[in-house]
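Down below is the structure, laid out as structure tokens.
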Amino acid sequence: MKFIIDENSANQRMDKIVKRILKEAPLSFIYKMFRNKDVKVDGKRVMIDYKPQLGQEVEIYIKEQLLEEFSKTQVVRPVKSNMDIIYEDDNLLIVNKPKGLLVHGDESEKRVTLTNIFLNYLIAKGEYDPNNPTNFVPGPAHRLDRNTSGIVVFGKNLETLRELLILFSDKKHIEKTYIALLVGVTPKEGEIDFPLFKDSSTGKVKIGYITSGAKSALTKYERIKAYSNYSLVRAKLITGRTHQLRVHFQAIRHPIVGDAKYGDFKVNEKFKSRFGLNSQFLHASTFEFKDIQGKLAYMSNKKFEAPLPKKEQDILSDLAFDKTL
1 MKFIIDENSA NQRMDKIVKR ILKEAPLSFI YKMFRNKDVK VDGKRVMIDY
51 KPQLGQEVEI YIKEQLLEEF SKTQVVRPVK SNMDIIYEDD NLLIVNKPKG
101 LLVHGDESEK RVTLTNIFLN YLIAKGEYDP NNPTNFVPGP AHRLDRNTSG
151 IVVFGKNLET LRELLILFSD KKHIEKTYIA LLVGVTPKEG EIDFPLFKDS
201 STGKVKIGYI TSGAKSALTK YERIKAYSNY SLVRAKLITG RTHQLRVHFQ
251 AIRHPIVGDA KYGDFKVNEK FKSRFGLNSQ FLHASTFEFK DIQGKLAYMS
301 NKKFEAPLPK KEQDILSDLA FDKTL
């Protein structure tokens, strides 16, 4: 097979490019192809660490039967659904995810996911072809829990997604804030500094010690409004551990309202009965790029906001007048 190196493959190692095409091939088979001179660029043999440039021609010598066996086509399941798009350009897309929707599929749901909706959207626009085996698959740079609403950022091309992943990893040049409704009245502001680890036997995240394998986790928060028995807070993740906000707020005895895993179950029942709230009151509200370099430098100092879902807004309106909850 032959193909031309595009922007999603340029400057990548050849073994990674070949692996993306021959998804089901063992690494030993791919390395053997290079030893047997079955991978060439512009007619010349290359090594596994060669990085081709934009516009170069790659030729892979492989039997048709093996090509069919190893090149599993990316399956994008058709989904009819709209996205609440906050911002979009040629490189990235920022959406407001509703509650109840997974970012990625799991064993319980593989079809109706935010990522699948995103890919269907790009296919309809002609920006992504799932039948092209050399294609990079666009995707999200981070995740939100199924029952956390708010901002999710997607990369449309490889270079953008790479940069986004770095930004989300080091967290020095981006800032995310969350809105949460907590049980009890909190201090006006605070920091929560408890290491976290996941207990594989229960599936829950717990407070632990660094020496026993837990990872450092730091949360900062400020109280936006105090109600008679609750606090609306704005929280900032300094680290980004699984379920960090949910566990940290539980640890200071101010669990998130509606949290079925870490919350106050009596309070949850009240809010479910009164408002129909059956998940945590937690929303990824803002996302801000700081001063950044590279392909996304043009996004420096831009801030995006996703409004609270209507149900959460209605709950806050009722709390302002109802002292019985």
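When you line the sequence shown up against the UniProt record's numbering, it's residues 1 to 325, in that order. Just so it is clear, CB atoms sit at the ideal spot from N, CA and C, and this is done for glycine as well. Predicted model only: the values in this text are computed from it and were never measured.
Cβ distance (whole Å) where Y262 is taken to contact R274 below 8 Å = About 21 Å; that fails the 8 Å criterion.
Residue range of the unbroken alpha helix (DSSP H) whose run includes E64 | Unbroken alpha helix (DSSP H) run through E64: E64 to F70.
Looking at the unbroken alpha helix (DSSP H) that takes in S28, where does it start and where does it end?
-> L27 to R35 is the extent of the alpha helix (DSSP H) around S28.
N- and C-terminal bounds of the alpha helix (DSSP H) containing H248 = Unbroken alpha helix (DSSP H) run through H248: Q244 to A251.
Euclidean distance between Cα positions of L296 and Y178 = If you draw a straight line from the Cα of L296 to the Cα of Y178, it is about 23 Å long.
Please classify residue 328: is it buried, with 16 or more other beta-carbons within 10 angstroms of its beta-carbon, or exposed?
-> Only positions 1 to 325 of the chain appear in the structure, and residue 328 is not among them; the question remains open.
Range of the contiguous beta strand (DSSP E) that encloses Y121 = Here Y121 belongs to no beta strand (DSSP E); instead the alpha helix (DSSP H) covers L114 to K125.
Own chain partners of E109 with C-beta closer than 7 Å, once the 5 adjacent residues on each side are dropped = Per-residue confidence for E109 stands at a pLDDT of 49, beneath the threshold of 50, marking its modelled position as unreliable; the derived number appears in the next sentence. Listed in chain order, the non-local C-beta contacts of E109 below 7 Å within the same chain comprise L102, local neighbours out to five positions each way being set aside.
CB of V205 within 7 Å of CB of H248, strictly | Not a contact, by the Cβ cut-off of 7 Å.
Going by the beta-carbon positions, is the gap between S279 and G258 smaller than 7 Å?
-> The Cβ-Cβ distance between S279 and G258 falls below 7 Å.
Paired residues, beta bridge with K97 - DSSP | Note: K97 sits in a beta bridge opposite G150.
Quick one: grab the DSSP three-state call for Y87.
-> In the three-state scheme derived from DSSP, where H, G and I count as helix and E and B as strand, Y87 is classed as strand.
Using three-state DSSP, classify I179 as helix, strand or coil.
-> Looking at I179 - three-state DSSP - the assignment turns out to be strand.
Opening and closing residue of the alpha helix (DSSP H) in which F271 lies = Counting along the chain, the alpha helix (DSSP H) containing F271 begins and ends at F265 to F275.
Under the three-state DSSP convention, the category I166 falls into = Collapsing the DSSP output to three states places I166 in a helix.
Buried or exposed by the 16-neighbour rule on C-beta atoms within 10 Å, applied to H104 | It is exposed - the Cβ of H104 has fewer than 16 other Cβ atoms within 10 Å.
Host alpha helix (DSSP H) of S317 (start-end) | K310 to L319 is the extent of the alpha helix (DSSP H) around S317.
What span of residues does the alpha helix (DSSP H) with P20 cover, start to end?
-> Inspection of the sequence shows that residue 20 is occupied by Arg rather than by Pro. Run containing R20: M14 to I21, per the alpha helix (DSSP H) assignment.
For the candidate residues F194, H254 and P309, whose alpha-carbon lies nearest to that of T211?
-> If we check each option's Cα against that of T211, F194 comes out closest.
Within its chain, find whatever has a CB closer than 7 Å to the CB of L22; leave out the 5 residues flanking it on each side and keep chain order.
-> Cβ neighbours of L22 beyond the five flanking positions: I30, F70 and S71.
Among residues of its own chain, excluding the 5 on either side of M299, which ones have a beta-carbon nearer than 6 Å to its beta-carbon?
-> For M299, where only same-chain residues beyond five positions count, the Cβ hits under 6 Å are F289.
Based on the DSSP secondary-structure assignment, which residues constitute the bridge partners of L296?
-> Answer by DSSP bridge pairing: none, since L296 is not bridged.
Quick one: is K99 buried, meaning 16 or more other Cβ sit within 10 Å of its Cβ, or exposed?
-> Buried.
Hey, L164 and A141: beta-carbon distance below 7 Å or not?
-> Yes. Within cutoff.
Beta carbon of K97 nearer than 7 Å to that of V152 = Yes, they are a contact pair.
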